[in-house]
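Asks: Take a look at the following structure, please.
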Amino acid sequence: METRKRVQTPQRAKIADGCHRLIVHPQATLWNAFVQQTGFFGTFVFVPVVDGTFITAHARPTELLKQGKLKKIIQSVTNANEGIAFVNQSTANTAVQVPQYVAQLFPNLTPHETEAAAAQYAGLGSNIVQVNMIMSESIFLCPTYSIQRAFGALASRVNSPSPHGTHGEDASLITSHRELNAGGVPAFANPDFDKAFSESFLNFALSLNPNVKWDPTNITPLW
């Protein structure tokens, strides 16, 4: 069924050409593609897992962070609306249900836990806005807090509050590269903010402390 669907996809050239491409690929490759397409929207189905052998329960990243055996200094960066790119926005027109979304994103939660999690976002906007926030916090924002707790005073965190704040927008604020910014102009074109945001990384790289500024006109307050 999946093979037939792929061949009939409009983006494919000719059916014969599509069939040839499917034939020359190993079965494992086609199966991997099928798994990727049927995975939960916005998630990655092929990621490292705690299998108990190669990665043991005691060696999983969250446990290592809790142990605090860290000697590095870190600066983590997020955007205010990371989740939008990882949620199917077309479901906004079909009245996506927040508890159902939570249950699908976290299938190991009990019904009570699912309802409790959904209740944390009640009243914070439409259903699609709420699930955007849930996805954003589950894969980006909350993990940075775990990192901060582990590194303590050796950690700093940047969260871009620009009006868009979508995934990857921080990269466009750091550089003027035209592949990231149309005409070399960032998505949020505020010279003072753009300079303060981008220089926070350079300050950290130079002194491992975002409070030590090489540019006296930088408006960023103390962290």
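This note's numbering numbers the first residue of the sequence shown as 1 and each following residue consecutively.
We put the beta carbon where it would ideally sit given N, CA and C, even for glycine.
Roughly how many angstroms separate the alpha carbons of Met133 and Ala205, rounded to a whole number?
Replies: One C-alpha to the other measures close to 30 Å.
Asks: Where Ser198 and His58 are concerned, what is the direct C-alpha to C-alpha distance, given to the nearest angstrom?
Replies: Cα-Cα distance, rounded: 37 Å.
Asks: State the DSSP-derived secondary structure class of Asn79, mapped to helix, strand or coil.
Replies: It is a strand residue.
Asks: How would you call Gly165, buried or exposed, if buried means at least 16 neighbouring beta carbons within 10 angstroms?
Replies: It is buried - the Cβ of Gly165 has at least 16 other Cβ atoms within 10 Å.
Asks: Per the DSSP calculation, Ala155 is bridged to which residue(s)?
Replies: Answer by DSSP bridge pairing, in chain order: Ile74.
Asks: Following the continuous alpha helix (DSSP H) through Glu137, name the residue where it begins and the one where it ends.
Replies: Taken as a continuous stretch (DSSP letters only), Glu137 belongs to no alpha helix (DSSP H), as it is neither H nor E.
Asks: From Phe201, Ala103 and Thr53, pick the residue whose C-alpha is nearest to that of Thr251; which is it?
Replies: Residue 251 lies beyond the residue range present for the chain, which begins at 1 and ends at 223; the question has no answer from this structure.
Asks: Identify the continuous alpha helix (DSSP H) that holds Lys195 and give its terminal residues.
Replies: Start and end: Pro191 to Ser207.
Asks: Give the straight-line distance between the Cα atoms of Ala103 and Ala116, rounded to the nearest whole angstrom.
Replies: Roughly 11 Å between the two C-alpha positions.
Asks: Taking C-alpha atoms, which residue in Asn159, Pro107, Gly68 and Ala95 lies nearest to Ser126?
Replies: With distances taken between Cα atoms, Ser126 lies closest to Ala95.
Asks: Count the other CB atoms within 10 Å of the CB of Gln67; is the residue buried (16 or more) or exposed (fewer)?
Replies: With fewer than 16 Cβ atoms within 10 Å of its Cβ, Gln67 is classed as exposed.
Asks: Measuring only the C-alpha atoms, how far is Ile74 from Cys142?
Replies: About 16 Å.
Asks: Please work out which residues of its chain come closer than 8 Å, Cβ to Cβ, to Lys213, disregarding the five sequence neighbours upstream and downstream, and give them in chain order.
Replies: So the list reads Glu199, Asn203 and Thr220, once near-sequence residues are dropped.
Asks: Tell me, to the nearest whole angstrom, how far the beta carbon of Asn159 is from that of Ala85; I am working on the premise that it is less than 8 Å.
Replies: So it is not a contact: roughly 16 Å between Cβ atoms.
Asks: Under a three-way DSSP split, which group does Thr91 fall into?
Replies: Three-state DSSP puts Thr91 in a helix.
Asks: Please state whether DSSP places Gly168 in a helix, a strand or coil.
Replies: Residue state, collapsed to three classes: coil.
Asks: Anyone know if the C-beta pair for Asn88 and Phe41 falls short of 7 Å?
Replies: The answer is yes: Cβ separation under 7 Å.
Asks: In the DSSP output, what is Ser160 paired with across the bridge?
Replies: Paired residues: Asn79.
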